[in-house]
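Read through the structure below, which is laid out as structure tokens, and then see the notes.
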Amino acid sequence: MGEQIKIFRDTWAEINLDHISYNVESMKRHVSDGAIVIAVIKANGYGHGDAAVAEAALEAGASYLAVATLDEAMALRKKKIQAPILVMGASRPENAGDAAKENIALTVFQKDWLSNAKEYIRTGEELRIHLKFDTGMGRLGIRSRNELEGIESAAKRDGHFLIEGVFTHFATADSLDNHYFEQQLSRFEEMIGWMEEVPKYVHSSNSAAGLRFPKAHLNAVRMGISMYGLAPSMEMKPELPFPLKEAFSLHTKIVHVKKIHKGEKVSYGAAYEAKEDEWIATLPIGYADGWVRKLQGQEVLVEGFRVPIVGRICMDQCMIKLPYEKPVGTQVTLIGEQDGARIPVDEIARKLETINYEVTCMVSSRVPRIYKRDGLVIGGVNYLL
Ligand code: PMH
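Count along the sequence shown from 1, then add 105; that gives the number in this note's numbering.
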């Protein structure tokens, strides 16, 4: 960061790193004594950018990073991120040596995996592993005492592995009905009781459990969506223990403006027809940027006023209807704040009948990310260049 970023296009996502810091600091204060914050930065930091978010989170008090794949962890190492990293998804045993070499911890839940993996770890090197328990998510993990004992003893017998952690994942922590969450937590506690030795990190909480259930903090909380300032679910919003500050915003600039006459058409299918003389502006953002076709009709902000997207969204462009003429170069905000008005990520999620997680992730790598601190640009990434 700090270097000048080259962008040849007027569409960009802006990431407010002060908000990431604030969210992490708030969670750090909120978690139980002695528990660490693991910053979840998989999927390019939920679309915000992996390295920039990692640096901000570590500076604000997170002490561990988590990603989904070994490639994501390797990408962070390449960007000189030195903090401990856990790969939470499945990795190939053939890559155990690559992970050990880069001091990346892998998730393990099969005994066979261990016997295959040890062939790939050089003598003198040790792979840190976190055992994953399936307590009810039904995705990855050890389910029985038999499996656990087999894996734990195999890992301990072999000098290539260090069991650094054990974890599980909640399926319903963001739902106000706590029944299934309680069931999963009890099962996790029961399974930990089966271990010969409890490892250094015992973790179960995602953002929802981190925010709602101190008893599930154990000694690490995996903070994903709330770090980005977004609530894990709509129903949880009224009971957040501290306010969250959204970090993501999306902007573009008008590249063309024209007046069209009553009856004239706009975009593919000629499906939009002017009802009167109308000012139509073209924006250089489309579905290849993640601004998907279903967002037709969604409003955007121009000088703090809401105006609609009209006609079909194209691959690289879409059109909006203006109340009156605006010059080329006028900034348009698709997500975030402008002149006191605001389009939150959740509004886009609602329009798309999805969750906020999906919205920031879907803004494609064609859109550069710009990083701001104290309102000033301090760096950015253009994934194309
Ligand atoms: N831990 C694991 C194992 C996860 O899969 C996730 C998010 C988190 C922690 C962080 O959760 P949070 O963002 O709610 O804080 N995983 C996913 C997922 O697989 N789909 O959406 C979010």
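In this text, a Cβ means the ideal position worked out from N, Cα and C, and glycines have one as well. None of the values given here were measured: they were computed from a predicted structure.
What do you get for residue i, buried or exposed, if any count of 16 or more other CB atoms within 10 angstroms of its CB means buried?
i	result
R233	buried
D138	exposed
R134	exposed
P428	exposed
Q403	buried
G241	buried
K147	buried
R474	buried
A204	buried
M328	buried
M424	buried
P343	exposed
D239	buried
G409	exposed
H124	buried
T459	exposed
Y306	buried
P304	buried
Confirm the yes/no value for this check: CB of residue i, any heavy atom of the ligand FAD, distance under 8 Å.
i	result
S249	As far as ligands go, the structure on display features the ligand PMH and does not contain the ligand FAD.
Which of the three DSSP states, helix, strand or coil, is assigned to residue i?
i	result
T465	helix
E230	coil
I460	coil
F410	strand
K305	coil
Q215	coil
V437	strand
M424	strand
S338	coil
K206	helix
L175	helix
E164	helix
Y429	coil
N251	helix
E199	helix
A446	strand
Y333	helix
N121	strand
V136	coil
Y151	helix
V360	coil
R474	strand
I483	strand
What is the rounded straight-line gap between the Cα of residue i and the Cα of residue j?
i	j	result
G150	I330	9 Å
E252	V192	21 Å
P432	L175	47 Å
F286	L316	14 Å
Y373	R417	6 Å
A278	K350	21 Å
R471	A393	8 Å
V482	Y127	18 Å
Q289	F275	7 Å
G202	A195	15 Å
H235	Y377	54 Å
H308	L400	38 Å
I208	L170	As written in the sequence, residue 208 is Asn, which differs from the Ile given in the question. Each residue's alpha carbon lies about 12 Å from the other.
G243	E164	34 Å
V412	K456	15 Å
T435	G391	18 Å
E294	G246	15 Å
R182	I190	9 Å
A375	V450	29 Å
V145	A325	12 Å
R248	R292	10 Å
R227	K185	23 Å
R478	I440	18 Å
I385	E430	8 Å
P337	G368	44 Å
C419	K426	16 Å
P346	I143	19 Å
V407	R398	20 Å
Counting only beta-carbon atoms, is residue i nearer than 9 Å to chain C?
i	result
G139	Among the protein chains of the structure shown there is no chain C, as only one such chain exists.
Are the segment 289–301 and the segment 110–118 touching, with three or more C-beta to C-beta distances below 8 Å? no
If you pair each beta-carbon of the segment 358–366 with each one of the segment 318–338, do three or more pairs fall below 8 Å? no
Are the segment 149–165 and the segment 456–465 touching, with three or more C-beta to C-beta distances below 8 Å? Contact between the segment 149–165 and the segment 456–465 is established, with three or more Cβ pairs separated by less than 8 Å.
Exercise for review: Check whether the segment 208–225 touches the segment 263–272, taking contact to mean three or more Cβ pairs, one atom from each stretch, closer than 8 Å.
Suggested key: yes
* How do the segment 307–323 and the segment 445–452 stand: do at least 3 beta-carbon pairs fall below 8 Å, yes or no? -> Three or more beta-carbon pairs separated by less than 8 Å are not found between the segment 307–323 and the segment 445–452, which leaves the two stretches without contact.
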